[in-house]
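*Asks:* Take a look at this one; I'll ask things after.
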Amino acid sequence: MQNVVERELEVKLVLSPERSVPVPARLSYITADPYAVHITFHIGSESPVHWTFARELLVEGVFRPCGHGDVRIWPTRTGGRQVICVALTSPDGNALLELPSAAVAAWTERTLRVVPPGSEGALLGLDGALAELLAPMPADDLWMSDPWSSDDPPEGES
């Protein structure tokens, strides 16, 4: 059974230290993809902007700076309110976003109740798939057998 945990929220796209614009966004967690979180930004264009990154990154980023490369997350205080900053980098550009800390922390906690940390692999059935992949097949007996059977006389003997 697939579960989805979603949260609509308004984030702030930081344009400069003095200026930001509100952007509607949706956080999504899907148990069929248990290691990832998805965020969709509705920026007023024909198609929204989608980002996917590790749930573990967001879980840690609620408490302390983390990430490197394309996604970096850290908690901070700005204008007297607690926010989670998310820095996104792509070939198309960079974005700095401020997400409401309490909303993100509550949503992240909900995802952890649905799929506790460490249990993600069980949802994917990796152990069963790996066992099936590595299970011996009848043809493996031929492959694993000794090609130089002891029934044949050694070369030079009759």
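Counting in our numbering, the sequence shown runs from -18 upward without gaps. Idealized CB from N, CA, C, for every residue including glycine. Predicted model, so just to flag it, every value in this text is computed and none were measured.
Once you ignore the five residues that flank residue 87 on each side, which residues in its own chain have a CB closer than 7 Å to its CB?
*Replies:* none
*Asks:* Am I right that residue 90 and residue -8 are in contact with their C-beta atoms under 8 Å? What's the rounded C-beta distance?
*Replies:* Their Cβ separation, rounded to whole angstroms, is 19 Å, which puts residue 90 and residue -8 out of contact at 8 Å.
*Asks:* One question on the structure: do residue 7 and residue 24 come within less than 9 Å of each other, judged by their Cβ atoms?
*Replies:* Not closer than 9 Å, so no.
*Asks:* Got a sec? Which residues, its chain only, sit under 7 Å from residue 76 by beta carbon, not counting five neighbours each side?
*Replies:* -6 and 69
*Asks:* For residue 64, collect the residues of the same chain with a Cβ closer than 7 Å to its Cβ; drop the 5 residues on either side in sequence, then sort them by chain order.
*Replies:* 57, 79, 80, 81 and 82
*Asks:* Within its chain, find whatever has a CB closer than 6 Å to the CB of residue 46; leave out the 5 residues flanking it on each side and keep chain order.
*Replies:* 55
*Asks:* Exposed or buried, which one is residue 44 when buried takes at least 16 other CB atoms within 10 Å?
*Replies:* exposed
*Asks:* Return the CA-CA distance between residue 67 and residue 61, expressed in angstroms with no decimal places.
*Replies:* 18 Å
*Asks:* Residue 26 by DSSP, collapsed to three states: which one?
*Replies:* coil
*Asks:* Assuming residue 40 is part of the beta strand (DSSP E), what are its boundary residues?
*Replies:* First-last for residue 40: 36 to 42, but that is the alpha helix (DSSP H), not the beta strand (DSSP E).
*Asks:* Provide the residue span of the alpha helix (DSSP H) that contains residue 92, from first to last.
*Replies:* 82 to 95
*Asks:* Mind checking whether residue 15 and residue 114 have CB atoms under 9 Å apart?
*Replies:* no
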